[in-house]
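Chemist:
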Amino acid sequence: MKINPRKINTFMMLKLPLAWLGGVRVKSISETSCIVNIKHRWMNQNPFKSMFWAAQGMAAEMTTGALVLQGISDSGRKVSMLVLQQKGVFTKKATGKIRFECNDGSLVKEAIEKSSITGEGETVIMKSIGYNSENIPVSNFEFEWTLKVKA
């Protein structure tokens, strides 16, 4: 199955309604990169009139998770996936439209290939950076995913 933004956004609406209601939307996805947008609004703001850290985290995780799903789909294998750890650093107040980008899709492909050879789980650390409309980074996230090809 070829994954595209429309399919992921529909899936999100049905299976991840909190992200959908918070405004998380996949803009584009390829084998190596994913872009997700989220707009600051009343629903996802904190008391300081900027975007709540968890809303940013949902958008950032979606960039990495969509790439993991894309890699699994492209491999044609059954693969278990799990986030082991997450780290977030906030560098500027997040207001307006925020664009999260992850360009680590090639790491997923390598991990799946290695896991299929060794039979062991593989860990990848994927980075997602959030930019405001002026292209200034507002947050940086790292997600540690574990991937294991099922026998």
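The sequence shown begins at 127 in our numbering and counts up by one.
Even glycine gets a Cβ: it sits at the ideal position worked out from N, Cα and C.
These numbers come from a predicted model, not from an experiment.
1. Near Ile238, what residues of its chain come up, given a Cβ to Cβ distance below 8 Å and the 5 sequence neighbours on each side ignored?
2. Which value, in whole angstroms, describes the spacing of the CA atoms of Gly149 and Trp168?
3. Threshold first: 4 residues or longer. Then list the alpha helix (DSSP H) segments lying entirely within the stretch 181–250, N to C.
4. Under the three-state reduction of DSSP, which class applies to Pro278: helix, strand or coil?
5. How would you label Leu195, buried or exposed, when you count the other beta carbons within 10 angstroms and need 16 or more for buried?
6. Classify Val215 as buried or exposed, calling it buried when 16 or more other Cβ atoms lie within 10 Å of its own Cβ.
7. With burial defined as no fewer than 16 other Cβ atoms inside 10 Å of the residue's Cβ, what is the status of Leu233: buried or exposed?
8. For Glu227 and Met138, I'd like the C-alpha separation in whole angstroms.
9. Just mark Gln182 as buried or exposed, buried being the case when its beta carbon has 16 or more other beta carbons within 10 Å.
10. Suppose you measure from the CA of Lys279 to the CA of Glu270; what does that come to, to the nearest Å?
11. Tell me whether Leu193 is buried or exposed, calling it buried when 16 or more other Cβ atoms sit within 10 Å of its Cβ.
12. Can you tell which of Lys235, Ile224, Lys165 and Ile129 has the C-alpha that lies nearest to the C-alpha of Val264?
13. Check for me: the alpha helix (DSSP H) holding Thr136 runs from which residue to which?
14. Have a look at Ile161 and Tyr257 and give me their C-alpha separation to the nearest angstrom.
15. Out of curiosity, what's the CA-to-CA distance linking Gly222 and Thr190?
Modeler: Quick look at the numbers:
1. Gly197, Ile198, Ser201, Arg203, Val205, Glu248, Leu273 and Val275
2. 11 Å
3. 231–244
4. Nothing can be reported for residue 278: it is not among the residues displayed for the chain, which extend from 127 to 277.
5. buried
6. exposed
7. buried
8. 18 Å
9. buried
10. Beyond the ends of the chain as shown, which are 127 and 277, falls residue 279; an answer cannot be given.
11. buried
12. Ile224
13. Pro131 to Lys141
14. 11 Å
15. 22 Å
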